[in-house]
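A.B. asks: The structure under discussion is supplied below as structure tokens; questions concerning it will follow.
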Amino acid sequence: MELKEIQELLKLINRLEFVEFKFKQGDIEFSARTKHYQASRVGKGVPPALAPVAAPAPAPAAPAPQEPAKPAPAAGGDAAEKPAEKPAGDNLIEIRSPIVGTFYRSGGPEKPPYVKPGDTIDVGTVVCIVEAMKLFNEIESEVSGKVVKVMVEDASPVEYDQLLFLIDPKG
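Just add 794 to the spot in the sequence shown (first one is 1) and you have the working numbering.
See below:
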């Protein structure tokens, strides 16, 4: 990757108002945090991609803050954001998408999912991949615990800050 390509990528990251961006291709690896990083912090010591379930989630782009529960569609990410689908318990932690892209539960069609409900994960465990602009970004857990629920269908589009997983930190 040449300097001009890196500069264009950084301009795109800033224009799209990403909070944080990580890039890895071969031996080249870098990460960037934008001016939006501090504003995205949910609470003291809580990473931007994680938020307690009990905390109110900001929804600037959503047309309505709460919708009645409907039957879940076969594909798509809208079903993942419905409160009726969340298991009971206010001690659960959400893992949210740090970028817009396509959600994949595994590293390939023939490979098993990175995590499934009931699995115990540690900080740094890869939980999924989000493909954005032909880059496959491994999403790592920033919390230890037990996977309670996967909130998104495999190969579905996801939005920035969309709920991906519910984790029980006591699990």
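Note that beta-carbon positions come from the ideal geometry of N, C-alpha and C, so glycine has one too.
Being a predicted model, the structure only gives us computed values, none of them experimental.
1. What does a CB cutoff of less than 8 Å around Asp913 pick up in its chain, not counting 5 residues either side in sequence?
2. Look up Lys798 in the DSSP assignment and say whether it is helix, strand or coil.
3. Between the alpha carbons of Gln801 and Pro907, how many angstroms are there, rounded?
4. Exposed or buried, what is Leu797 when buried is set at 16 or more other beta-carbons lying within 10 Å of its beta-carbon?
5. Checking the sheet assignment: what are the DSSP bridge partners for Arg890?
6. Specify the secondary structure class of Ala810 as computed by DSSP and reduced to three states.
7. Are Val937 and Phe897 touching if we call contact CB-CB under 8 Å?
8. What's the gap between the Cα of Val909 and the Cα of Arg899?
9. Whose CA, out of Gln819, Phe812 and Pro963, lies closest to the CA of Ile915?
10. Taking C-beta to C-beta, are Ser891 and Val924 nearer than 8 Å?
11. With burial defined as no fewer than 16 other Cβ atoms inside 10 Å of the residue's Cβ, what is the status of Gln956: buried or exposed?
12. Kindly indicate the opening and closing residues of the beta strand (DSSP E) around Ser950.
13. Within the continuous beta strand (DSSP E) that includes Tyr898, where are the two ends?
14. Apply the 10 Å Cβ neighbour rule to Phe959 and answer buried if 16 or more other Cβ atoms are within range, or exposed otherwise.
C.D. replies: Answer, in terms of the structure:
1. Sequence index remark: in the sequence shown, residue 913 carries index 119 (1-based). Closer than 8 Å at the Cβ level, and outside the excluded window around Asp913, lie Lys940 and Val941.
2. Taking the first residue of the sequence shown as 1, we reach residue 798 at position 4. If DSSP states are grouped into helix, strand and coil, Lys798 belongs with the helices.
3. As a working note, residue 801 is residue 7 in the sequence shown. As a working note, residue 907 is residue 113 in the sequence shown. About 34 Å.
4. Counting from 1 along the sequence shown, the entry for residue 797 is found at position 3. Classification for Leu797: exposed.
5. Counting from 1 along the sequence shown, the entry for residue 890 is found at position 96. Beta-bridge pairing links Arg890 to Leu957.
6. Start at 1 with the first residue of the sequence shown, and residue 810 comes out as number 16. At residue 810 the sequence reads Leu, which differs from the Ala that was named. DSSP places Leu810 in coil when its eight states are reduced to three.
7. Mapped onto the sequence shown, residue 937 falls at position 143. Mapped onto the sequence shown, residue 897 falls at position 103. Their beta carbons are not under 8 Å apart, which means Val937 does not touch Phe897 by this criterion.
8. Here residue 909 corresponds to residue number 115 of the sequence shown, with the count starting at 1. Here residue 899 corresponds to residue number 105 of the sequence shown, with the count starting at 1. One C-alpha to the other measures close to 7 Å.
9. Numbered from 1 along the sequence shown, position 121 holds the residue referred to as residue 915. The option with the nearest alpha carbon to Ile915 is Pro963.
10. Walking along the sequence shown from the start, residue 891 turns up at place 97. Walking along the sequence shown from the start, residue 924 turns up at place 130. In contact: Ser891 and Val924 (Cβ atoms closer than 8 Å).
11. To locate residue 956, count along the sequence shown from 1; it is residue 162. It is buried - the Cβ of Gln956 has at least 16 other Cβ atoms within 10 Å.
12. Here the question's residue 950 lines up with position 156 in the sequence shown. Here the beta strand (DSSP E) through Ser950 covers Ser950 to Val952.
13. Locating residue 898 in the sequence shown gives position 104, where the first residue counts as 1. That run of the beta strand (DSSP E) goes Gly895 to Tyr898.
14. Within the sequence shown, residue 959 is the residue found at index 165, counting from 1. By the neighbour-count rule (16 or more Cβ atoms within 10 Å), Phe959 is buried.
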